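The block underneath contains the structure these notes are about, expressed in structure tokens.
There are 2 protein chains.
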Amino acid sequence: MLSRKKPSAKPAPERQTRDREATEQRFLEAAARVIARDGAASLGVNAIAAEAGADKKLIYRYFGGLDGLLEAMGATTALWIGDLAPAATAASDTDYGKRMRAAFLAYADKLRADPVLQKLLAWELAGPSDALTRIDAARSKAMGKMMFAIRGDTTAPPNIDAPAINAIVLAALNYLVIRGATMGGFSGLSLKTDADWKRAMAALESLLTAAYR
Amino acid sequence: MLSRKKPSAKPAPERQTRDREATEQRFLEAAARVIARDGAASLGVNAIAAEAGADKKLIYRYFGGLDGLLEAMGATTALWIGDLAPAATAASDTDYGKRMRAAFLAYADKLRADPVLQKLLAWELAGPSDALTRIDAARSKAMGKMMFAIRGDTTAPPNIDAPAINAIVLAALNYLVIRGATMGGFSGLSLKTDADWKRAMAALESLLTAAYR
DNA sequence: TCCAATTGTCACCGATTGGTGACATACCGA
DNA sequence: TCGGTATGTCACCAATCGGTGACAATTGGA
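So the protein sequences, as listed, match chains V and Z.
Numbering-wise (the working numbering), the first sequence opens with residue 516 and increments by one.
Numbering-wise (the working numbering), the second sequence opens with residue 516 and increments by one.
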């Protein structure tokens, strides 16, 4: 302890904004950055607090812990799902199959551009957590409403289990997007460039047209 | 320290089998149990050693660390993949689409009965690790050989991107099986009972027949 | 029989984890 | 202006993590 004193002139504190909402927002953004960069596995209060430049104690104070923060984040990550319905119905075709195809393609594009949601989806698969399941419940509810809106007054072809087929397509989409982001491909199918994805989506489109014929 | 002495008559040591192969096997089985019960996220040398009832030091001695153990385990988990080809070709039909359908259905059944591989697949999605990627490389290579064997002398219909379509179907299968195991369903489609799966597989079959018509 | 290498055991290390109590400071209404 | 409260900071805790060195005990070959 030589010349360094503590209670003297402050070097550069300047960090005390005293704004709870802003701090909460910083936490949410920091969590998104961490989850997008290091993956959902290495997500914790320490990492988030360090990324946010705030104290982890505040996470407990404001969100009640990591679960609360995740839940708050989950509420914001799935917002664009609601935008899919107008986009798909805008190209208004009275054909059920064509509407679904447009919706799925739009969904794939959006998901491909949202690394946070990708990691969240991957994490849900790794292990069922109470917070994650709640997030998933909210998202799948929004998804169901979207599907309903897209369908509109059209009707699926008879003798076809449309919900099951849609679930299968959605499952393939989720898996392929995540695999493409983390490993660059799956089962010999490269999923790196836009051209790769164009090929994959063409194949999926042909699958759907054949199914909903 | 009353009457309890250490260097006197041994109570029940009896644990020193001095069998390296047996110990390695114990580690592999313990790792499989841990990964099947607690998920891949909570997999570590401490947990594995505790489950195996052996010392973690031996993991480093025998496998060179956790990565080596995972690699050794991955080599054994994908063994049944090779058995899919004879099963699918046994119902020998010269139709490419029918063969693929049989193979995919058999694959789904096997994967549904292999919780370890499920967790491994889920973990690969969560984060790319060097060990995991090597495991995946070995497995997808076996998968490719299997697909080749199943196809045999049949040929896919023209104007159809068979590799892409097969990748899509495989992706959907992986995702649905994992979701069914961890969350019991996906996108409104329940995946708990055998009846649920029968429905899902029927939908997938109709998809494939339509695509490979 | 004896010795050396293999196998197993234990104690310990530093780093990191989630979580909390105590305290300093800034804000805002009375 | 004063004082209470919300906000932010820091130090600390026990538990657990991956990893290693030192040592005891067993085995098998010379």
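For every residue, glycine included, the Cβ atom is placed at its ideal position computed from N, Cα and C.
Note that the coordinates shown come from a computational prediction; the quantities given were computed from them, not determined experimentally.
Can you find a C-beta in chain V that's less than 8 Å from the C-beta of ASN681 (chain Z)? For the purposes of this step, residue 681 (chain Z) is taken as residue 166 along the second sequence, with counting starting at 1. Yes, because at least one Cβ of chain V sits closer than 8 Å to the Cβ of ASN681 (chain Z).
Use the C-beta contact count for ASN674 (chain V): other C-beta atoms within 10 angstroms, 16 or more gives buried, fewer gives exposed. Within the first sequence, the letter at position 159 stands for residue 674 (chain V). Classification of ASN674 (chain V): exposed, given that the 10 Å Cβ count is below 16.
Between the CA atoms of SER721 (chain Z) and ALA726 (chain V) - distance to the nearest angstrom: On the first sequence, position 211 is the one that residue 726 (chain V) refers to. On the second sequence, position 206 is the one that residue 721 (chain Z) refers to. Between ALA726 (chain V) and SER721 (chain Z), the C-alpha separation is close to 7 Å.
Taking C-beta to C-beta, are LEU599 (chain Z) and ALA618 (chain Z) nearer than 8 Å? Taking the first residue of the second sequence as position 1, residue 599 (chain Z) is located at position 84. Taking the first residue of the second sequence as position 1, residue 618 (chain Z) is located at position 103. Cβ distance < 8 Å, so LEU599 (chain Z) and ALA618 (chain Z) count as in contact.
Mind listing, in chain order, the continuous alpha helix (DSSP H) runs of no fewer than 4 residues lying wholly within the region 630-703 of chain V? 630-641, 645-666 and 677-697
With burial defined as no fewer than 16 other Cβ atoms inside 10 Å of the residue's Cβ, what is the status of SER702 (chain V): buried or exposed? Against the first sequence, residue 702 (chain V) aligns to sequence position 187. Under this definition SER702 (chain V) is a buried residue.
May I ask you to list, following chain order, the residues of the region 530-559 of chain V that have a beta carbon less than 7 Å from some beta carbon of chain Z? GLY554, ALA555 and ALA556
ALA567 (chain Z) and PHE542 (chain Z) closer than 8 Å at C-beta: Taking the first residue of the second sequence as position 1, residue 567 (chain Z) is located at position 52. Taking the first residue of the second sequence as position 1, residue 542 (chain Z) is located at position 27. Yes.
If the cut is a Cβ gap below 8 Å, which residues of chain V does MET698 (chain Z) touch? In the second sequence, counting from the first residue as 1, residue 698 (chain Z) sits at position 183. Ordered by position in chain V, the residues that pass the 8 Å Cβ test against MET698 (chain Z) are GLU639, PRO643, THR648 and ASP651.
Reduced DSSP category for LEU719 (chain V) - H, G, I as helix; E, B as strand; rest coil: Taking the first residue of the first sequence as 1, we reach residue 719 (chain V) at position 204. Helix.
Using a Cβ-Cβ cut-off of less than 7 Å, give me the residues of the region 565-579 of chain Z that come near chain V, in sequence order. none
Return the chain-ordered list of same chain residues with a C-beta closer than 7 Å to the C-beta of ALA587 (chain V), the five sequence neighbours on each side being excluded. Along the first sequence, one-based indexing puts residue 587 (chain V) at 72. Correct list, in chain order: LEU543 and PHE578.
Short CB-CB distance (under 8 Å) between ILE596 (chain V) and chain Z: For the purposes of this step, residue 596 (chain V) is taken as the residue at position 81 of the first sequence. False, the Cβ-Cβ gap to chain Z never drops below 8 Å.
Count Cβ pairs between the region 690-707 of chain Z and the region 609-616 of chain Z that sit closer than 8 Å; are there 3 or more? no
ALA621 (chain V) at chain Z interface by Cβ criterion, 8 Å: Start at 1 with the first residue of the first sequence, and residue 621 (chain V) comes out as number 106. Not closer than 8 Å to any Cβ of chain Z, the Cβ of ALA621 (chain V) fails to qualify, so no.
So if I threshold CB-CB distances at 8 Å, which residues from the region 701-727 of chain V count as touching chain Z? PHE701, SER702, GLY703, LEU704, ARG714, ALA715, ALA717, ALA718, LEU719, SER721, LEU722, ALA725 and ALA726
Can a CB atom of chain V be found closer than 8 Å to the CB of MET658 (chain Z)? Reading the second sequence from its first residue, position 143 is the one you call residue 658 (chain Z). Taking Cβ atoms only, chain V reaches closer than 8 Å to MET658 (chain Z), which makes this a yes.
Among V:ARG728, V:GLY554, V:ASP711 and V:PRO672, which one has its Cα closest to the Cα of PRO678 (chain Z)? Residue mapping note: residue 678 (chain Z) aligns to position 163 of the second sequence, counting from 1. Taking only the C-alpha atoms, the option nearest PRO678 (chain Z) is V:ASP711.
8 Å contact criterion, which THR604 (chain Z) and GLY667 (chain Z) should meet: CB distance rounded: Reading the second sequence from its first residue, position 89 is the one you call residue 604 (chain Z). Reading the second sequence from its first residue, position 152 is the one you call residue 667 (chain Z). Contact holds; Cβ gap of about 6 Å.
Nearest by alpha-carbon distance to LEU552 (chain Z): which of V:ALA682, V:GLY642, V:GLY695 and V:ILE693 is it? As a first step, residue 552 (chain Z) is located in the second sequence; it is residue number 37 there, counting from the start. Sequence check: residue 552 (chain Z) is Arg here, not Leu. Checked all of V:ALA682, V:GLY642, V:GLY695 and V:ILE693; the closest Cα to ARG552 (chain Z) is V:GLY642.
Counting contacts by CB-CB distance shorter than 8 Å, is LEU635 (chain Z) in contact with chain V? Working through the second sequence from its first residue, we reach residue 635 (chain Z) at position 120. By this cut-off, LEU635 (chain Z) is not an interface position.
Name the residue from Z:ALA646, Z:ILE693, Z:LEU584 and Z:ALA537 whose alpha carbon lies nearest to the alpha carbon of ALA547 (chain Z). The residue given as residue 547 (chain Z) occupies position 32 in the second sequence. Per the Cα distances, Z:LEU584.
Residues near GLY700 (chain V) in its chain [Cβ-Cβ closer than 6 Å; skip 5 each side]: Position 185 of the first sequence, counted from the start, is the residue given in the question as residue 700 (chain V). Cβ within range, chain order: LEU706.
Can you name the residues of chain Z whose CB is closer than 7 Å to the CB of ASN689 (chain V)? Locating residue 689 (chain V) in the first sequence gives position 174, where the first residue counts as 1. TYR690, listed in chain order.
Comparing the C-beta of ALA686 (chain Z) with each C-beta of chain V, is any distance below 8 Å? Translated into the one-based positions of the second sequence, residue 686 (chain Z) becomes position 171. Yes, ALA686 (chain Z) lies at the interface with chain V (some Cβ there is under 8 Å from its Cβ).
Using only the alpha-carbon positions, how far apart do ASP608 (chain Z) and LEU640 (chain V) sit? In the second sequence, the residue the question calls residue 608 (chain Z) occupies position 93. In the first sequence, the residue the question calls residue 640 (chain V) occupies position 125. In a straight line, the C-alpha of ASP608 (chain Z) is about 36 Å away from that of LEU640 (chain V).
Is the CB of PRO672 (chain Z) under 8 Å away from at least one CB in chain V? Walking along the second sequence from the start, residue 672 (chain Z) turns up at place 157. No, because no Cβ of chain V sits closer than 8 Å to the Cβ of PRO672 (chain Z).
Around the Cβ of GLN540 (chain Z), are there at least 16 other Cβ atoms within 10 angstroms (buried) or fewer (exposed)? Locating residue 540 (chain Z) in the second sequence gives position 25, counting from the first residue. GLN540 (chain Z) comes out exposed.
Hey, is ASP608 (chain Z)'s beta-carbon within less than 8 Å of any beta-carbon in chain V? Your numbering for residue 608 (chain Z) matches position 93 in the second sequence. Output row for ASP608 (chain Z): interface = no.
Buried/exposed call for ARG576 (chain V), threshold 16 Cβ in 10 Å: Your numbering for residue 576 (chain V) matches position 61 in the first sequence. Answer is exposed; the Cβ neighbour count stays below 16.
TYR611 (chain Z) - containing alpha helix (DSSP H), residue span: Residue 611 (chain Z) sits at position 96 when you count from the first residue of the second sequence. 611-627 is the extent of the alpha helix (DSSP H) around TYR611 (chain Z).
Compute the distance between the beta-carbons of THR538 (chain V) and ALA562 (chain V), then report whether it is under 8 Å. The count along the first sequence starts at 1 and reaches residue 538 (chain V) at position 23. The count along the first sequence starts at 1 and reaches residue 562 (chain V) at position 47. Cβ distance not < 8 Å, so THR538 (chain V) and ALA562 (chain V) don't count as in contact.
Hey, out of V:TRP595, V:ALA637 and V:LEU685, whose CA is closest to MET625 (chain V)'s CA? Taking the first sequence and counting its residues from 1, one reaches residue 625 (chain V) at position 110. A quick correction: the sequence has Lys, not Met, at residue 625 (chain V). That would be V:TRP595, whose Cα lies nearest to the Cα of LYS625 (chain V).
What first and last residue would you give for the alpha helix (DSSP H) that runs through ASP553 (chain Z)? Position 38 of the second sequence, counted from the start, is the residue given in the question as residue 553 (chain Z). Element bounds for ASP553 (chain Z): 535-553.
For ILE693 (chain Z), the nearest candidate out of Z:ALA653, Z:ASP645 and Z:ALA637 (CA to CA): Stepping through the second sequence from its first residue, residue 693 (chain Z) is reached at position 178. It is Z:ALA637 whose Cα lies nearest to the Cα of ILE693 (chain Z).
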